[in-house]
Structures are given as structure tokens and as C-alpha cells.
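In the numbering used here, the protein residues as written are 105 to 256.
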Amino acid sequence: ANGLNDYSLTQWGSGSDTTIDFPTEGFVFSDVDGNHMASIQTYDYYNDFSILIGAESTGGFVTTIDDQDMVFDIRTYPNPARNTLYVEAPLVSQFEIKLFTISGQHVAIAPEVMTDNMLKFDLTYLKNGLYILKVNTGKVTKAFPIQVENNP
Numbered sequence: 105a106n107g108l109n110d111y112s113l114t115q116w117g118s119g120s121d122t123t124i125d126f127p128t129e130g131f132v133f134s135d136v137d138g139n140h141m142a143s144i145q146t147y148d149y150y151n152d153f154s155i156l157i158g159a160e161s162t163g164g165f166v167t168t169i170d171d172q173d174m175v176f177d178i179r180t181y182p183n184p185a186r187n188t189l190y191v192e193a194p195l196v197s198q199f200e201i202k203l204f205t206i207s208g209q210h211v212a213i214a215p216e217v218m219t220d221n222m223l224k225f226d227l228t229y230l231k232n233g234l235y236i237l238k239v240n241t242g243k244v245t246k247a248f249p250i251q252v253e254n255n256p
């Protein structure tokens, strides 16, 4: 160990310690199920370290984000929606969106504009009331309650 960048790290779920003692050495962690990973890279010239979770580092460590976490990163707004609904999904590249009435009837919707992982839906034709927006990534589905309050 050179004394500059010695870090003792406990790996998730294992209880074992790992020491990074080379100035540019890195280490990748994963949880017990292997779903989540984090990379830790030390830098001699900064006498510092970085922890990357759910990102790709320039040092070649690739980390992943659980599909469940990606779905929870999806945002819908405004709610209540007045004529327009926005769906923002920054971490999801492919997904299916369906809208249902509170009684379970499927309502056809199509995106009006798509930019930077954001969809804009025209809701002017919908009656006022509670709807359920379902987002499916292929592995995980999440339902968002959407209150539509269009002008009478």
C-alpha cells in the first residue's frame, strides 16, 4: 500500500472487506442477487475516489440499474392533467404506455411530441375523471393514477 489511496470497502451482502491500495485501482461491487453494481475508482493525482452507481464510467466499469428502479424514475405531470399530459422516462429506452378508465376500459392515446425521452399526450377528447396510465418496460409494469380535469 502506498498510503495515498487506501480504502477499506465492505462488499454488499458478503460482509468481506476489500482494500484498494494502488493509485488507479478500481473495484466493482454487485449485490447478492447480482442486480445492482457500483464501481469505485481511485485517482492518485486527485488523492480522491469516485463512486458510480447506475452509470458508465470512463474507466471501463459498466454499472446497471434494476428495471424496477427505471420504472420508478418515470414521471407523469401535471396531475391533475388539463388537456395535456407529459410522460418523462430518462432511463427507459423502450416502453409501452396504455391508458385505462377507472373501470378498466382501454383508451387509445398517441404521443403528440417526443423529445429527450419525453412524450406529450393530447387529452382534450377525454371526459373528466380518474384514469390509470400503465407503463410497461417488458419486465416491469407500473400504474400511475391520472386525474383528467379538462375545461367543460
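Glycine included, every Cβ here is placed at the ideal spot set by N, Cα and C. As the structure is a prediction and not an experimental result, all values here were calculated from the model.
- Taking the CA atoms as reference points, residue 230 sits about 25 Å from residue 241.
- Runs of the beta strand (DSSP E) lying entirely within the segment 179 to 220, each at least 3 residues long, are 179 to 181, 188 to 192, 200 to 205 and 215 to 219 in chain order.
- Following the DSSP letters along the chain, one finds residue 238 inside the beta strand (DSSP E) bounded by residues 233 to 240.
- In the DSSP secondary-structure assignment, residue 244 is not bridged to any residue.
- Cβ contact annotation for residue 179 (same chain, cutoff 6 Å, sequence separation greater than five): 192, in chain order.
- Nearest Cα to residue 251 within the set 224, 181, 237 and 233: 233.
- From the listed residues 227, 212, 199 and 221, the smallest Cα separation to residue 246 is found for 199.
- Counting the other Cβ atoms within 10 Å of the Cβ of residue 181 gives fewer than 16, which makes it exposed.
- The beta carbons of residue 215 and residue 203 sit no closer together than 8 Å.
- Here the alpha carbon of residue 187 sits roughly 8 Å from the alpha carbon of residue 225.
- 248 is the residue among 228, 248, 185 and 212 whose C-alpha sits nearest the C-alpha of residue 236.
- Sequence-distant Cβ neighbours of residue 210 in its own chain, meaning closer than 7 Å and more than five residues away, are 202 and 204.
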